[in-house]
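First residue of the sequence shown? That's 1 in our numbering, and the numbers climb one at a time after it.
Think of the CB as a built atom: it goes at the ideal place given N, C-alpha and C, for glycine as much as any other residue.
Data first, discussion second: the structure below is written as structure tokens.
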Amino acid sequence: MKTHQIILKALLLVFFFSSFSPQAQKQVEVEANMTVEATAEVYELARTWAKEFSKSHPGNEITVVPEGEAAVPQEKLIGKISSGTSGKSGWSITLCRKVLVPVVNSNFESDLNTTGISSHTLSDMLQSKKTLTTSEGKTIKLLLPAEQSGKSKLENCFDVSLKQHQHLTYVSEDKALDILKKEKNIIAFLPLKSVIHSDNHSLKQGVAFLPIDRNNNGHLDHMENFYGDVAAFSRGVWIGKYPKELCDNIFLTSTHKPESAKAEAFISFLLTNGQDNLSSQGYSTLAYSERSNQIQHLKEPYLVPESADSDEASWGLIILIIAGIIIATGILANLIFGFVRKETIELAEESYNTEAALDEDSINIPEGVYFDKSHTWTFLERNGLLRMGIDDFLQKVTGPVTKINLKQEGEKVMKGEAIATLIQNGKRLTVKAPVSGTIHSLNSHLALDAGLVNQSPFDEGWMYMISPENWRQEIPFLKLASEYHEWLKSEFSRLKDFLSYSVNINETQSHAVLQDGGTIRQYVLKDLSPQVWEDFQINFLDKK
Numbered sequence: 001m002k003t004h005q006i007i008l009k010a011l012l013l014v015f016f017f018s019s020f021s022p023q024a025q026k027q028v029e030v031e032a033n034m035t036v037e038a039t040a041e042v043y044e045l046a047r048t049w050a051k052e053f054s055k056s057h058p059g060n061e062i063t064v065v066p067e068g069e070a071a072v073p074q075e076k077l078i079g080k081i082s083s084g085t086s087g088k089s090g091w092s093i094t095l096c097r098k099v100l101v102p103v104v105n106s107n108f109e110s111d112l113n114t115t116g117i118s119s120h121t122l123s124d125m126l127q128s129k130k131t132l133t134t135s136e137g138k139t140i141k142l143l144l145p146a147e148q149s150g151k152s153k154l155e156n157c158f159d160v161s162l163k164q165h166q167h168l169t170y171v172s173e174d175k176a177l178d179i180l181k182k183e184k185n186i187i188a189f190l191p192l193k194s195v196i197h198s199d200n201h202s203l204k205q206g207v208a209f210l211p212i213d214r215n216n217n218g219h220l221d222h223m224e225n226f227y228g229d230v231a232a233f234s235r236g237v238w239i240g241k242y243p244k245e246l247c248d249n250i251f252l253t254s255t256h257k258p259e260s261a262k263a264e265a266f267i268s269f270l271l272t273n274g275q276d277n278l279s280s281q282g283y284s285t286l287a288y289s290e291r292s293n294q295i296q297h298l299k300e301p302y303l304v305p306e307s308a309d310s311d312e313a314s315w316g317l318i319i320l321i322i323a324g325i326i327i328a329t330g331i332l333a334n335l336i337f338g339f340v341r342k343e344t345i346e347l348a349e350e351s352y353n354t355e356a357a358l359d360e361d362s363i364n365i366p367e368g369v370y371f372d373k374s375h376t377w378t379f380l381e382r383n384g385l386l387r388m389g390i391d392d393f394l395q396k397v398t399g400p401v402t403k404i405n406l407k408q409e410g411e412k413v414m415k416g417e418a419i420a421t422l423i424q425n426g427k428r429l430t431v432k433a434p435v436s437g438t439i440h441s442l443n444s445h446l447a448l449d450a451g452l453v454n455q456s457p458f459d460e461g462w463m464y465m466i467s468p469e470n471w472r473q474e475i476p477f478l479k480l481a482s483e484y485h486e487w488l489k490s491e492f493s494r495l496k497d498f499l500s501y502s503v504n505i506n507e508t509q510s511h512a513v514l515q516d517g518g519t520i521r522q523y524v525l526k527d528l529s530p531q532v533w534e535d536f537q538i539n540f541l542d543k544k
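Written out as structure tokens, the structure is:
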């Protein structure tokens with residue numbers, strides 16, 4: 001690695017950002033009289049949120065107005081709170097959900113609570129085309145929500161018209177829950193909030209989720225098996241494993257990301273303390289990981305120029321801007337020319353060409369490097385430390401990495417334990433440690449440019465220097481170049497099988513993951529959904 005180039009880049013960056021000093025810019029002050037629009041169905045929810053925010057932030061009131069009933073200046077409008085089954089145009093963030101879920105008595109006398117009930121079976125039951133019985137021969141009955149919104153969800157999900165089938169039983173939430181706890185042969189569709197405790201978000205005693213077999217194959221596959229507890233179910237809803245037709249997302253939308261300090265504070269509140277009382281109002285909270293992911297995108301500081309008091313200040317700002325442009329141009333040129341140099345390990349690094357074919361012969365495999373089945377590599381340095389990173393296979397499958405979460409110096413790791421997290425626009429993969437030892441140091445440059453693992457996985461994109469503890473015992477499980485190349489053939493075969501299954505099951509829109517002739521295209525996971533990434537983690541990376 002050419003240290004002087006890194007130092008030069010760092011100095012240029014420091015000079016560039018320091019040129020915009022506190023005298024030239026300041027963080028936005030908290031504005032007064034900010035407003036949120038709300039559609040009719042979520043107006044009361046929005047008002048409750050605004051009141052709670054004002055209590056916890058004295059002197060910072062949020063005004064809520066019904067959609068279309070007041071002309072609000074754009075600079076004072078945070079956005080609009082509304083509901084729907086899919087994302088909105090422009091900038092949007094999900095705040096909570098209303099989810100309709102099938103539940104049964106915890107002593108339900110049927111194997112459906114383990115095999116799941118198929119969507120085809122539910123459709124037939126709703127249309128009186130099929131009758132199910134318990135293990136004791138009793139007919140299983142359906143209880144449906146009396147509210148029109150619940151009926152509409154069931155009609156859309158199971159492609160039926162409930163108006164044509166008057167034999168069905170419709171009851172209120174409270175009545176359905178009472179009946180469900182008393183009878184063991186009932187399947188009830190209830191809002192999630194009505195079957196969980198608002199204090200600890202666990203299922204109420206006496207009830208259980210009834211899994212839905214979405215692909216109608218007679219058993220629960222891994223991607224369908226998330227009904228064990230409320231936390232797992234909430235995460236399954238978030239990443240798209242649960243039928244979206246049974247969910248209403250509550251959004252805050254805007255033409256662009258709100259950039260004021262007060263707007264950011266309010267949205268952060270909605271994703272944290274604002275989640276506390278949602279259950280009592282009929283809504284379901286977001287999964288913790290989903291909240292964390294969305295809050296992360298709100299934390300970038302928004303800066304504006306301070307108003308100049310004189311022509312001298314204006315000229316000073318102009319000079320600083322020009323200087324910044326010149327320096328930025330220099331940095332860009334330095335980076336461009338830096339990418340074409342020969343890497344320390346003799347590899348020709350590739351650009352993000354998603355149309356390139358991907359097979360074992362297209363993977364960079366340097367000699368002298370040890371590879372692990374976790375798709376990581378290690379290299380024994382002269383000082384006895386192990387340099388470690390991800391292999392070229394993994395970076396070419398995932399595509400550009402936008403962030404990497406690393407452990408800290410001094411932490412101990414065991415072979416096979418989680419050692420890093422690769423993030424691509426919120427989608428995540430956990431990297432497992434190839435060896436056991438203590439983290440001696442980590443690559444701090446990845447915090448500024450996570451894409452180094454794509455541009456140079458064996459050089460500038462390394463992750464850790466590790467002091468090994470069981471090197472002699474663990475080295476027989478690692479592979480050198482020739483053995484690793486042969487092993488990759490089986491990995492590509494597994495990858496094709498995985499893509500053929502998972503993309504077909506999880507994706508609502510088709511994606512061209514294979515080229516003509518069945519060759520996998522490079523960066524195949526880049527445009528696929530979060531549920532495919534989770535599936536890749538569980539059934540490819542973790543399953544050896």
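Which residue's Cα is closest to the Cα of residue i: the options?
i, options, result
"Leu480", "Lys262, Asp391, Pro211 and Ser118", "Asp391"
"Val369", "Met388, Asp361 and His219", "Met388"
"Ala176", "Leu142, Arg235 and Asp449", "Leu142"
"Thr519", "Phe492, Leu528 and Ser82", "Phe492"
"Asn364", "Leu488, Asp276 and Ile179", "Leu488"
"Glu173", "Lys138, Gly451, Gln164 and Ile187", "Ile187"
"Ile404", "Ala40, Phe209, Ala447 and Gly79", "Ala447"
"Ala418", "Ala71, Lys163, Leu541 and Leu452", "Leu541"
"Leu220", "Tyr242, Lys204 and Pro366", "Tyr242"
"Leu394", "Phe379, Gly274, Lys415 and Lys526", "Lys526"
"Ala40", "Ser82, Phe226 and Asn217", "Ser82"
"Asn113", "Trp377, Glu224, Phe458 and Glu290", "Glu224"
"Ser467", "Ser482, Leu406, Gly384 and Lys244", "Gly384"
"Ile140", "Asn185, Lys415 and Gln164", "Asn185"
"His222", "Glu381, Thr115 and His201", "Thr115"
"Val160", "Lys182, Thr134 and Thr121", "Thr121"
"Gln408", "Ala433, Thr376, Glu381 and Leu442", "Leu442"
"Glu411", "Ala433, Ile423, Arg428 and Ser374", "Ala433"
"Lys153", "Phe226, Asn539, Ile179 and Leu126", "Leu126"
"Glu549", "Asp276, Asp359 and Gly451", "In the structure as shown, the chain starts at 1 and stops at 544, and residue 549 therefore has no counterpart that could be examined."
So, residue i versus residue j, is the Cβ gap smaller than 7 Å?
i, j, result
"His167", "Ser123", "no"
"His256", "Trp91", "yes"
"Met34", "Lys262", "yes"
"Pro145", "Phe189", "yes"
"Ala420", "Val435", "no"
"Gln281", "Leu45", "yes"
"Leu95", "Leu210", "no"
"Leu252", "Ile93", "yes"
"Gln537", "Gly240", "no"
"Tyr484", "Phe371", "yes"
"Ser110", "Thr134", "yes"
Could you tell me the boundaries of the beta strand (DSSP E) in which residue i lies?
i, result
"Pro102", "Trp91 to Asn105"
"Phe266", "Note, Phe266: premise wrong, no beta strand (DSSP E); alpha helix (DSSP H) at Ala261 to Leu271."
"Tyr523", "It is not in any beta strand (DSSP E) - Tyr523 carries neither H nor E in the DSSP assignment."
"Ser83", "Leu77 to Gly84"
"Gln424", "Ala418 to Gln424"
"Leu190", "Ile186 to Pro191"
"Thr39", "Thr39 -> no beta strand (DSSP E), and no H or E assigned at all."
"Asp221", "First-last for Asp221: undefined, no H or E at that position."
"Val431", "Lys427 to Lys432"
"Ile390", "Leu386 to Ile390"
"Asn249", "Cys247 to Ser254"
"Leu453", "The amino acid at residue 453 is misidentified as Leu; the sequence shows Val. Where Val453 is concerned, there is no enclosing beta strand (DSSP E), although the alpha helix (DSSP H) it sits in stretches over Leu452 to Gln455."
How far does the alpha helix (DSSP H) with residue i in it extend, from its first residue to its last?
i, result
"Asn113", "Leu112 to Thr115"
"Gly548", "Look at the range of the chain in this structure, 1 to 544, and you will see that residue 548 is not part of it."
"Arg47", "Tyr43 to Ser56"
"Pro530", "Pro530 to Phe536"
"Gly150", "Gln148 to Phe158"
"Val64", "Element bounds for Val64: not the alpha helix (DSSP H) but the beta strand (DSSP E), Ile62 to Pro66."
"Trp462", "Premise fails: Trp462 is in no alpha helix (DSSP H) and is neither H nor E."
"Arg472", "Trp471 to Glu474"
Assuming residue i and residue j make a contact with CB atoms under 8 Å, what is their CB distance in whole Å?
i, j, result
"Ser106", "Gly228", "With a Cβ gap of about 13 Å, Ser106 and Gly228 do not count as contacting."
"Val524", "Val401", "Not confirmed; about 15 Å, so no contact."
"Arg47", "Ser119", "About 37 Å separates the two Cβ atoms, so there is no contact after all."
"Glu460", "His445", "7 Å"
"Val104", "Ala231", "Val104 to Ala231, Cβ: 20 Å. No contact."
Say yes only if the C-beta of residue i is nearer than 6 Å to one or more non-hydrogen atoms of the ligand ADP, and no if none qualify.
i, result
"Gly384", "The ligand ADP is absent from the structure shown, which contains no ligands of any kind."
Task: Validate contact between the region 57 to 66 and the region 261 to 268 using beta carbons, cut 8 Å, 3 pairs - done: yes
Open item on the list: Below 8 Å, how does it come out for the region 243 to 260 and the region 98 to 108: are there three or more Cβ pairs, yes or no?
Closed with: yes
TODO: Please confirm if the region 275 to 290 is in contact with the region 63 to 75, defined as three or more CB-CB distances below 8 Å between the two stretches.
DONE: no
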